[in-house]
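Asker: Here the sequence shown stands for residues 8 to 267, where the numbers follow the working numbering. We put the beta carbon where it would ideally sit given N, CA and C, even for glycine. Please read these numbers as outputs of a predicted model, since none were measured by experiment.
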Amino acid sequence: MNKHDVSQQSANYRYPADDEISLVDLAKILIKRWKLMVAIFAVVVLAALVYALMMERSYEYVSIYQVAEQTSGALEPPETVVAMVTNLYLGPVTRQLLSAEDLERLPFDVSVSNPSDTLLVRLISKSSEEHEALVEAMHTTFLERIKAGQQSQLNRRRDDLERQLESVQRSLEAAKESSSVNAADLVATYAKLAGEIEGRIAQLRDGQVAQTAVQSLEPTGTGRRLIMVLATVLGGLLAVMSAFFMQFAVAVRESLAEGG
8 MNKHDVSQQS
18 ANYRYPADDE
28 ISLVDLAKIL
38 IKRWKLMVAI
48 FAVVVLAALV
58 YALMMERSYE
68 YVSIYQVAEQ
78 TSGALEPPET
88 VVAMVTNLYL
98 GPVTRQLLSA
108 EDLERLPFDV
118 SVSNPSDTLL
128 VRLISKSSEE
138 HEALVEAMHT
148 TFLERIKAGQ
158 QSQLNRRRDD
168 LERQLESVQR
178 SLEAAKESSS
188 VNAADLVATY
198 AKLAGEIEGR
208 IAQLRDGQVA
218 QTAVQSLEPT
228 GTGRRLIMVL
238 ATVLGGLLAV
248 MSAFFMQFAV
258 AVRESLAEGG
């Protein structure tokens, strides 16, 4: 095979100039297939609209409990309360609610947390408005158990301090009646101690339910507006791609027809 034959063979593999597509050709394809593009875009956007309108909107329901307090701060660390709710209360309360409502599973979850640097315990559930009453019932049960446990500890603490106060007061009365040389010092010491204990009793604060299953102002999750924006972008991309794909399919079919 000589050089002339090789050159001729290489030339046969070159793409013809007619295969090059300019921006004008691309514009022609889009204009020619505009009906298909409009149809694809409309289908995607309408499907997204139907989905957005039928989508179940979920809200966040929040309950807040402020733990009981004493002189040194929290009577019981909020982290401990969170651990008790998660490990001791969650299972029994869930089973109780499932049995009462004749359900196989709850349509929502409950998360328990302690916001940093606070004496608060927060319960959060995400659910549709359809199950709002169920969320409130569950949160109320949790709050009642938390409050009952805290009140029991608070009562024990108060009883302990009151017993200490009674003991100090008896010692104070005995010191007042004593004729010993150190009687005055004992009276001052017991009086100061009695005052400190009374102050501790006065600073005991019951735990409080700040709010129960309060609904968020806005729905959670993907909003309808975002869905429509994404659908518009996706519809535009699919419309353009379908136009070029259709043009490619027609060109392939014509090429096969010519070859046949």
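Using a 10 Å radius around the Cβ and a threshold of 16 neighbouring Cβ atoms, would you call residue 259 buried or exposed?
Answerer: Start at 1 with the first residue of the sequence shown, and residue 259 comes out as number 252. When all chains shown are included, residue 259 counts as exposed.
Asker: State whether the segment 51-59 contacts the segment 197-216, with contact taken as three or more CB pairs (one from each stretch) at a distance under 8 Å.
Answerer: No, the segment 51-59 is not in contact with the segment 197-216.
Asker: Start and end of the beta strand (DSSP E) containing residue 220?
Answerer: Taking the first residue of the sequence shown as position 1, residue 220 is located at position 213. Where residue 220 is concerned, the enclosing beta strand (DSSP E) stretches over 215-222.
Asker: Can you tell which of 160, 162 and 196 has its C-alpha closest to the C-alpha of residue 177?
Answerer: Numbered from 1 along the sequence shown, position 170 holds the residue referred to as residue 177. Out of 160, 162 and 196, 196 has the C-alpha closest to the C-alpha of residue 177.
Asker: To the nearest angstrom, how far is it from the Cα of residue 255 to the Cα of residue 137?
Answerer: Numbered from 1 along the sequence shown, position 248 holds the residue referred to as residue 255. Numbered from 1 along the sequence shown, position 130 holds the residue referred to as residue 137. Taking the straight line from one Cα to the other gives about 50 Å.
Asker: Counting only the same chain and skipping the five closest in sequence on each side, list residues whose C-beta sits under 8 Å from that of residue 185.
Answerer: For the purposes of this step, residue 185 is taken as residue 178 along the sequence shown, with counting starting at 1. Only 193 meet the Cβ criterion.
Asker: Ends of the beta strand (DSSP E) at residue 119?
Answerer: One-based indexing of the sequence shown puts residue 119 at position 112. Counting along the chain, the beta strand (DSSP E) containing residue 119 begins and ends at 118-120.
Asker: Say whether the segment 27-39 touches the segment 232-242, bearing in mind that this needs 3 or more beta-carbon pairs closer than 8 Å, one atom from each stretch.
Answerer: The answer is no - the segment 232-242 does not touch the segment 27-39, with fewer than three Cβ pairs under 8 Å.
Asker: For residue 227, which residues does DSSP report across the bridge?
Answerer: Working through the sequence shown from its first residue, we reach residue 227 at position 220. 65, per the DSSP bridge assignment.
Asker: Work out the CA separation of residue 76 and residue 121 for me, nearest whole Å.
Answerer: Your numbering for residue 121 matches position 114 in the sequence shown. Your numbering for residue 76 matches position 69 in the sequence shown. Between residue 121 and residue 76, the C-alpha separation is close to 15 Å.
Asker: Please determine, among 92, 135 and 187, the residue with the shortest C-alpha to C-alpha distance to residue 63.
Answerer: Taking the sequence shown and counting its residues from 1, one reaches residue 63 at position 56. Nearest of 92, 135 and 187 to residue 63, Cα basis: 135.
Asker: When burial is assigned at 16 or more other CB atoms within 10 Å of the CB, is residue 145 buried or exposed?
Answerer: Within the sequence shown, the letter at position 138 stands for residue 145. Looking at its Cβ environment, which holds 16 or more other Cβ atoms inside 10 Å, residue 145 is buried.
Asker: Ignore the nearest five residues each way along the sequence and tell me which others in residue 118's own chain have a CB closer than 7 Å to its CB.
Answerer: Residue mapping note: residue 118 aligns to position 111 of the sequence shown, counting from 1. Contacts found: 131.
Asker: Please report the distance separating the alpha-carbon of residue 112 from that of residue 105.
Answerer: Walking along the sequence shown from the start, residue 112 turns up at place 105. Walking along the sequence shown from the start, residue 105 turns up at place 98. Cα-Cα distance, rounded: 7 Å.
Asker: Using only alpha-carbon positions, find the residue among 109, 139, 107 and 126 that is nearest to residue 116.
Answerer: If you number the sequence shown from 1, residue 116 lands on position 109. The residue with the shortest Cα to Cα distance from residue 116 is 139.
Asker: Please report the straight-line C-alpha distance between residue 202 and residue 152, rounded to a whole angstrom.
Answerer: Here residue 202 corresponds to residue number 195 of the sequence shown, with the count starting at 1. Here residue 152 corresponds to residue number 145 of the sequence shown, with the count starting at 1. Using only the alpha carbons, I get a separation of about 34 Å.
Asker: Could you give the uninterrupted runs of the alpha helix (DSSP H) lying entirely in the segment 47-118, keeping only those of 4 residues or more?
Answerer: With a minimum length of 4 residues, the continuous alpha helix (DSSP H) runs that stay inside the segment 47-118 are 85-91 and 97-108.
Asker: In chain order, what residues of the same chain lie with their CB nearer than 8 Å to the CB of residue 160, ignoring the 5 residues before and after it?
Answerer: Locating residue 160 in the sequence shown gives position 153, counting from the first residue. Within the same chain, residue 160 has close Cβ partners 75, 82 and 83.
Asker: Could you give the distance in angstroms between the alpha-carbon of residue 210 and the alpha-carbon of residue 172?
Answerer: By one-based count along the sequence shown, residue 210 stands at place 203. By one-based count along the sequence shown, residue 172 stands at place 165. Spanning the two alpha carbons is a distance of roughly 15 Å.
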